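Residue 61 in this note's numbering sits at position 2 of the sequence shown, with consecutive numbering throughout.
Below is one structure, written out as structure tokens; the observations come after it.
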Amino acid sequence: MTRAATYLDHNASAPLRPEAREAMLGALSLTGNPSSIHVHGRALRNAVETGRQQVARLAGAEPRQVVFTSSATEAITQALVAGAKAFSADAVAVSTGEHSAVLKAAEATGLPVWTIGLDAEGRIDLDQLAGVLARAEDEKATLLVAVHWVNNETGVIQPIERVNAIVGPTRHTLFVDAVQAFGKLPLDFAASAPDMMAISGHKIGAPAGIGALLAKAHADTARLIPGGGQEQGRRGGTEPVALIAAFGAAAEVSAYDAEAMVALTGRIEAGLKSMAPGVVIFGQGATRIGNVTNFAVPGLSNATALMALDLMGLSVSSGSACSSGKVGVSHVLAGMGVPKALAEGALRVSFGWNSTTADADAFLAGFETILSRQKQAGKAA
């Protein structure tokens, strides 16, 4: 198996940080169960609580508000499926741009799912959100509202403060998928309106297999996995101490360099516009996170481009990695009204903690080769 020389898919999963690796290996040397009261158990419990404090600091949360899970997907499912039951919701409201984990969890509640559209730049339609709440009042329905903070495909930052202002004062429950915001934008969960948030370890350089649900005290009854009382009864199962230690270590060193990320993304987009004037950059008119660009060149399929780039040792994606093995039309782009023919060419390039200018230049060189081949094929035809 050939190892890709240039990794440009950080929104799917960030490379393991050295600090996370070291913390994980240190925790693996410990013996016992963190719920045991003897000296071995106390050492493990200390590692868990240290990791909890580190994650809480980056999330702007109180340590007790951090509930460790196996992934952000589990945290999302706990928030929606268990939360719908805990808060006696009559319906779940989601935007059409949500990650598939949110959309599937909303379906799994068994409740009616009310949708909120996106505008052409990928922003949640706040008028539609207000309309959904008005409908709930008319129907005397209790809602669980689930929205994302940063879109994983386009990098569009949602107007989360306005969402908070609209939903926060109401009797409805608000859940925010903060996976792509965690470690990139300032989070202040403890003082903010959302009742629950989901975050992930492997997006910030921890290993896959660890995430967390941030939950206010009144949301503690949203429980999905019963067990032996771990996580203060909010999530059963012996805590994966090594993964938690790695998650905490990654959170401790996750200083997001927004200026550097914007510079790399800007370099990519300027190069694309130079070599392919017809390129369409999705969400360009909105405020974006800065580390990702999602684009399409009319007439170029993403399946063709992905295969060619992979052969050149360049790892990019066509969108969410959770559509594993599938290359096609993104539901996010469809929700933005992007024509199917254009959406079929969408490619996502995303940077992270170890990305460099050389990475951006390697991609541009490779993509220029693909465009040249396309042009030659067109002439031959």
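We treat Cβ as the ideally placed atom computed from N, Cα and C, and that holds for glycine.
Since we're looking at a predicted model, the values are computed, not measured.
- If you look at residue 194, you'll find it in the alpha helix (DSSP H) that goes 185-197.
- Contact between residue 237 and residue 257 holds, with the beta-carbon distance rounding to 6 Å and staying under 8 Å.
- Annotated as proximal: residue 215 and residue 345, with beta-carbon spacing under 8 Å.
- The residue among 430, 422, 412 with its C-alpha nearest the C-alpha of residue 74 is 412.
- With contacts defined by Cβ atoms closer than 8 Å, residue 282 and residue 141 form a contacting pair.
- Using a Cβ distance threshold of 8 Å, residue 266 and residue 304 do not count as a contacting pair.
- Of the residues assessed, residue 96 falls on the exposed side of the cut-off, its CB having fewer than 16 other CB atoms within 10 angstroms.
- With a threshold of 16 other beta carbon atoms within 10 Å, residue 390 meets it and is buried.
- For residue 234, there is no enclosing alpha helix (DSSP H); the enclosing beta strand (DSSP E) has its first and last residue at 232-236.
- In the DSSP annotation of this structure, the continuous segment of the beta strand (DSSP E) that includes residue 154 starts and ends at 150-154.
- Contact between residue 347 and residue 375 is absent: CB atoms are separated by about 17 Å, not below the 8 Å threshold.
- Here residue 126 is near residue 271, since their CB atoms are less than 8 Å apart.
- Per DSSP, the beta bridge partners of residue 68 are 409.
- Its chain contains 356, 357 as the residues whose beta carbon lies nearer than 7 Å to that of residue 337, once the 5 sequence neighbours on both sides are disregarded; these appear in chain order.
- In this chain, the beta strand (DSSP E) harbouring residue 127 covers 125-128.
- Residue 205 sits close to residue 165, with the two beta carbons spaced by under 8 Å.
- Nearest C-alpha to residue 359 among 405, 200, 255, 274: 405.
- Closest by C-alpha distance to residue 377, out of 354, 331, 118, 269, is 354.
- Residue 313 and residue 117 do touch by the CB rule: their CB atoms are close to 6 Å apart, below 8 Å.
- Nearest in C-alpha terms to residue 232, of all of 67, 145, 177, is 145.
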